[in-house]
Amino acid sequence: MTKSDRFRPLQQVASSRERDAARALGESERRRLEESQRLEALRQYHAEYLERFRSAQQRGMTVGQLLEYQAFLAKLDKAVDHQVEVVRRCEAEAGRRQEAWRDKYTRSRVMDKVVDNLQETERQEGERREQADLDERNQRRR
440 MTKSDRFRPL QQVASSRERD AARALGESER RRLEESQRLE ALRQYHAEYL ERFRSAQQRG
500 MTVGQLLEYQ AFLAKLDKAV DHQVEVVRRC EAEAGRRQEA WRDKYTRSRV MDKVVDNLQE
560 TERQEGERRE QADLDERNQR RR
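Next comes the structure, spelled out in structure tokens:
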């Protein structure tokens, strides 16, 4: 068994780990995007509701209506703040996953390079042996 053959399972493990890290990164990026879209939708709804509130204020409203609008706006503010925190956590997770993927990617490329170098060395050694055998045969013929 050649050295490159002995390193091949390590190369496959490194490659598998890189693929797993890439999948995890993709999933965290998908979640980050979804949560960012939810945040944007919440902010848009908040702005629309605030506009309705201002419009209702101009037309005139009862104290009960005013309190309802204010209570709901306060709930929307809390929901927006909570979603901002969710997005921050998703971004942090995506950052960690990206670093993990970069590490796995680098290790995988290093293993690929090691195996390639070993195979090239083995090929060159094989060619040298073959040339030496040919030279020896030619020497015997003379």
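Add 439 to a position in the sequence shown, counting from 1, and you land on the number used in our numbering. Beta carbons: idealized from backbone N, C-alpha and C, even for Gly.
Exposure of Q450, with buried meaning 16 or more beta-carbon neighbours within 10 Å: If you number the sequence shown from 1, residue 450 lands on position 11. By the 10 Å Cβ count, Q450 comes out buried.
Selected residue, minimal CA-CA separation from S455, among K543, N577, K552: The residue you call residue 455 lines up with position 16 of the sequence shown. It is K543 whose Cα lies nearest to the Cα of S455.
Residue range of the alpha helix (DSSP H) that includes T545: Taking the sequence shown and counting its residues from 1, the one referred to as residue 545 is at position 106. For T545, the enclosing alpha helix (DSSP H) stretches over residues 502–580.
Residues near S467 by beta carbon distance below 6 Å, same chain, minus five either side: Locating residue 467 in the sequence shown gives position 28, counting from the first residue. Only E532, A533, R536 meet the Cβ criterion.
Distance CB(L478)-CB(V519) smaller than 9 Å: Residue numbering aside, residue 478 sits at position 39 when the sequence shown is read from its first letter. Residue numbering aside, residue 519 sits at position 80 when the sequence shown is read from its first letter. A contact, by the Cβ cut-off of 9 Å.
Segment limits, alpha helix (DSSP H) that includes G465: Within the sequence shown, numbered from 1, the residue matching residue 465 stands at position 26. Per DSSP, G465 belongs to the alpha helix (DSSP H) from 442–498.
Cβ-Cβ distance between Q550 and A463 below 9 Å: Within the sequence shown, numbered from 1, the residue matching residue 550 stands at position 111. Within the sequence shown, numbered from 1, the residue matching residue 463 stands at position 24. First, the amino acid is wrong: residue 550 is Met here, not Gln. No, Cβ-Cβ distance for M550 and A463 is not below 9 Å.
Nearest-angstrom beta carbon gap, L512 and Y590 [assumed within contact, 8 Å]: Outside the modelled stretch of the chain, which goes from 440 to 581, sits residue 590, for which no answer is possible.
Nearest-angstrom beta carbon gap, S475 and V526 [assumed within contact, 8 Å]: To locate residue 526, count along the sequence shown from 1; it is residue 87. To locate residue 475, count along the sequence shown from 1; it is residue 36. With a Cβ gap of about 5 Å, V526 and S475 count as contacting.
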